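Residue numbers (this note's numbering): 1433 to 1935.
A virtual CB, placed ideally from N, CA and C, is assigned to each residue, including glycine.
Keep in mind that this is a model prediction, so the values were computed, not measured.
Please read the structure below before turning to the comments.
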Ligand code: ATP
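This is the structure:
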């Protein structure tokens, strides 16, 4: 990235917009570029509190009367020498007609001069008037090389202790996805806690990272104890996933395989869609990040929601290879293609940004999305090629219901032979996996309240007392099935075979 910015500066691009929340780090990177032998330039930094100050100088040595943004840009225009001018706080003013005009004047006056203005902002907000003139760059989070510097500095403080290359690599990978400051803090904390930085501290670094990621509120690190075998049925889907266990390895690249992009799991509520997504993380040995779309939306400021999404995706990319889990995709983007103007078009912009990201992403982030209602899902998601595969998870058939009973009974009791599982599976026709589990728990509560062990009869009574969703929402379930039969791949083996025979 540093090289790209350096090229833009050498090529005399007048205006570069860097999207970053790491001011110091980015500023330092630009100062390094400015020292380059071929293009030595002075660097000036503008803030709304001190006006223009030369990089590295004390804040008191400010250029006269440059606190207002207009005066600052005017000052830049007057300079004759080559220079790089970093504007840190311009984004709140950028929509003002005077600021935009001054920036356009500056751009026009830079034609023959080696001068570049760098706008630095945590969110992207470019007025239309400047769109053609500006290059927007999303400044990435630190990579392994940069984190290595941070780690080395921290390790120097623990003189005498050596770390193996392997430990070092683990400590570095554990901090991926953090800003430089955050990585410094995390390493320091791990060291203070344990008095050293060895392999044993990788977990401290990881758990600190999880907390930091959680604090920004949009991404959540999910850990799942269950394995994929805790899911009854869905054999075809499980096979597909197992087949791709090594999809993100170097070996797969060498073999010539493309990186999987993502999958969409459609289905009846409570049939294990979320559970599949969570257990895939264990199966593939990749971290699972849940993207909470509800939290992406923030109407407090224009551009805020976009910035939230961009930051979350940036974090996911820097942690990659990783799985990005989006539950209830239909709810997240509902309304984005319809009368979108109810929220000033934010949802359609967010939707557009997300689709573009999915289309263009080259980093190994596998998107796993689930949805219950297809009619609410923007058609663009369902187009061929957007996801690698769209699976449909139907209500479990009798055999699958038996498996689900077995799984949930074995989780709670050892002696499951005393239950007639076939009978249970027969009478709960139309139940989802979640409803089976709930019926079992209800039976256990009943017996527990009477201070005895639960029996077959308790489960039967609980099943009879349950009205499954497939019966209360028959129309919706039928509509989904009809739709999916044509367009999605069935997750269950039996249906898959049956469909294959049809072709
Ligand atoms: P929703 O659409 O309501 O989010 P979902 O399809 O994502 O539902 P899950 O949240 O994965 O369903 O299922 C809820 C719980 O039901 C699971 O945690 C699991 O305990 C149980 N369950 C559902 N389906 C199965 C299954 N096929 N095998 C075993 N357990 C299941």
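**Message:** For residue 1549 and residue 1457, I'd like the C-alpha separation in whole angstroms.
**Reply:** It is roughly 17 Å from the alpha-carbon of residue 1549 to the alpha-carbon of residue 1457.
* From the DSSP output, in three-state form, read off residue 1434 for me. => helix
Reduced DSSP secondary structure (H/G/I, E/B, other) of residue 1806:
coil
Cβ-heavy atom distance between residue 1764 and ligand 1 below 7 Å? no
Assuming the contact rule is C-beta atoms closer than 8 Å, residue 1519 and residue 1478 should be a hit. Round their C-beta distance to whole Å, please. Sure, about 5 Å apart at Cβ, within 8 Å.
For residue 1652, which three-state DSSP category applies?
strand
Item to check | Member of 1684, 1701, 1680 and 1690 whose CA lies at the smallest distance from the CA of residue 1827 | outcome: 1701
Please state whether DSSP places residue 1783 in a helix, a strand or coil. helix
With a CB to CB cut of under 6 Å and the five nearest residues on each side skipped, what residues in its chain are close to residue 1722?
1652, 1654 and 1757
Practice task
State the DSSP-derived secondary structure class of residue 1771, mapped to helix, strand or coil.
Solution key: Its pLDDT being 45, under 50, residue 1771 is placed unreliably by the model, and the measurement read from it follows with that caveat. If DSSP states are grouped into helix, strand and coil, residue 1771 belongs with coil.
### Other residues of its chain near residue 1491: CB distance less than 8 Å, five sequence neighbours each side excluded
1482 and 1485
DSSP three-state call for residue 1445: helix, strand or coil?
-> Correct three-state label for residue 1445: coil.
According to DSSP, is residue 1610 part of a helix, a strand, or is it coil?
coil
Under a three-way DSSP split, which group does residue 1635 fall into?
-> Residue 1635 falls in the helix class under three-state DSSP.
> On the three-pair Cβ rule with 8 Å, is the stretch 1880-1887 touching the stretch 1619-1635?
Replying inline: no
Q) On the three-state DSSP scale, how would you describe residue 1547? A) strand
Q.
With a threshold of 7 Å (Cβ to nearest heavy atom), would residue 1944 be considered close to ligand 1?
A. No answer is possible for residue 1944: it lies beyond the span of the chain, which begins at 1433 and ends at 1935.
For residue 1897, count the other beta carbons within 10 Å of its own beta carbon; 16 or more makes it buried, fewer makes it exposed. Which is it?
Under the 10 Å beta carbon count, residue 1897 is surrounded by fewer than 16 other beta carbons and is classified as exposed.
| Which whole-angstrom value is the C-beta distance of residue 1448 and residue 1567, which I expect to be below 8 Å? | Residue 1448 to residue 1567, Cβ: 5 Å. Contact.
- Mind checking whether the beta-carbon of residue 1541 lies closer than 7 Å to any heavy atom of ligand 1? no
Exercise. Compare the C-alpha of residue 1599 against each of 1584, 1612 and 1552 and name the closest.
Key: 1584
With distances taken between CB atoms, is the gap from residue 1523 to residue 1553 smaller than 8 Å?
-> yes
Problem set entry | Status (buried if at least 16 other CB within 10 Å, exposed otherwise) for residue 1454 | Under this definition residue 1454 is a buried residue.
| task | Sort out for me which residues DSSP pairs residue 1816 with in a bridge. | result | 1819
message = Taking 8 Å as the threshold (C-beta atoms), are residue 1618 and residue 1641 in contact?
response = yes
Alpha-carbon spacing of residue 1805 relative to residue 1538, whole angstroms:
51 Å
Between the stretch 1715-1729 and the stretch 1743-1755, can you find at least three pairs of beta-carbon atoms closer than 8 Å?
As far as the Cβ criterion goes, the stretch 1743-1755 touches the stretch 1715-1729, which means the pair count is three or higher.
Checklist entry - Which residue comes first and which comes last in the beta strand (DSSP E) that contains residue 1479? => result 1474-1479
Q.
For residue 1480 and residue 1606, I'd like the C-alpha separation in whole angstroms.
A. In a straight line, the C-alpha of residue 1480 is about 36 Å away from that of residue 1606.
Q. Taking DSSP as the reference, what is the three-state secondary structure of residue 1910?
A. It is helical.
Quiz prompt | Classification of residue 1771 by the beta-carbon crowding that lies within 10 angstroms, buried from 16 upward | solution = Since pLDDT at residue 1771 reaches only 45, below the 50 mark, its modelled position is unreliable, and the value read off the structure follows with that caveat. With fewer than 16 other Cβ atoms within 10 Å, it is exposed.
Task: Boundaries (first-last residue) of the alpha helix (DSSP H) holding residue 1695 - done: Unbroken run through residue 1695 is the beta strand (DSSP E), 1694-1699; no alpha helix (DSSP H).
Q) Can you list, in chain order, the residues of its chain whose CB lies under 7 Å from that of residue 1559, leaving out five sequence neighbours each side? A) 1526, 1527 and 1532
| At a cut-off of 7 Å, is residue 1503 close to ligand 1 when judged by its beta-carbon and the heavy atoms of the ligand? | no
inquiry  = If you measure between the beta carbons of residue 1836 and residue 1859, is that distance less than 8 Å?
reply    = no
What does the Cβ neighbour count give for residue 1547, buried or exposed, with the cut at 16 atoms within 10 Å?
So residue 1547 ends up on the buried side.
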